[in-house]
Amino acid sequence: MEIRRNLIASTRTLALPLAQAVEKLYEIGFTRIDVNYANLERSGVDDPSVLTHFRGALLTAAKIGAEPVTLHAPWEDYFLLPLGRGIDHAVAEAKLLVEMAYSYGVEVVVFHPFSAKHVGSHRVEWLNKRFFALLAEYSEREGLSVVAVENAARGQPWRSLEKLVE
């Protein structure tokens, strides 16, 4: 079916391990694929193994001819441990993911903002601005994948574009 070639199907829609979900989507006719962290979360993959599983799924896509056009990064919890060592450590972890994604042809890497619940209401705005500014600047400077932020409208600074660009 021709329409499947124009749609981006997400691995999230299948309750399968990540690489198997990529294979299944391709098998049923989808060539453009969103490689989604939700599959790793559902499969119980531990944080130290996340990059390995993403790489495996991206390798699978390359082998079968699928196009992994987007990659949904781990949720904010994944970045909290490196964040405890400083923002540069959390950004470094995100950079590894963006670099790897780009090396497999991923056009957009989607991240989720930190919430006040996890980082504190007085720190959340500064932290999100700083984290995503550093990551986006790096990605742009190096010519890597686009860094996107989703599910952000619920909290500051994302509710106001004016506030975001201050």
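Read left to right, the sequence shown gives residues 1 to 166 (the working numbering). Yeah, the Cβ is synthetic: ideal placement off N, Cα and C, and Gly gets one too. What you are looking at is a predicted structure, and each value in this text was computed from that prediction instead of being measured.
If you ignore the 5 residues before and after residue 148, its C-beta comes within less than 6 Å of the C-beta of 108, 110, all in its own chain and listed in chain order. The C-beta distance from residue 12 to residue 36 rounds to 4 Å, short enough to fall under 8 Å. No Cβ-Cβ contact shorter than 7 Å links residue 33 with residue 82. Looking from the CA of residue 66, the closest CA among 72, 58, 16 belongs to 58. Bounds of any alpha helix (DSSP H) do not take in residue 68; it lies within the beta strand (DSSP E) bounded by 67-72.
Here residue 64 carries a helix assignment [DSSP, helix/strand/coil]. In the DSSP assignment, no residue is bridged to residue 6. Annotated as distal: residue 118 and residue 151, with beta-carbon spacing of 7 Å or more.
Exclusion of the five residues before and after residue 80 leaves 118 as the residues of its chain whose Cβ lies within less than 7 Å of its Cβ. Around the beta carbon of residue 89, fewer than 16 other beta carbons sit within 10 angstroms, so the residue counts as exposed.
Counted as a single uninterrupted DSSP element, the stretch harbouring residue 47 is not any beta strand (DSSP E), since DSSP gives it neither H nor E. Per DSSP, reduced to three states, the secondary structure at residue 79 is helical.
Excluding residues up to 5 positions away in sequence, 147 lie with their Cβ nearer than 7 Å to the Cβ of residue 136 in the same chain. The C-beta distance from residue 55 to residue 15 rounds to 22 Å, too long to fall under 8 Å, and the pair is not in contact.
Residue 36 is bridged by DSSP to 72. Here the C-alpha atom of residue 73 lies approximately 15 Å from the C-alpha atom of residue 19.
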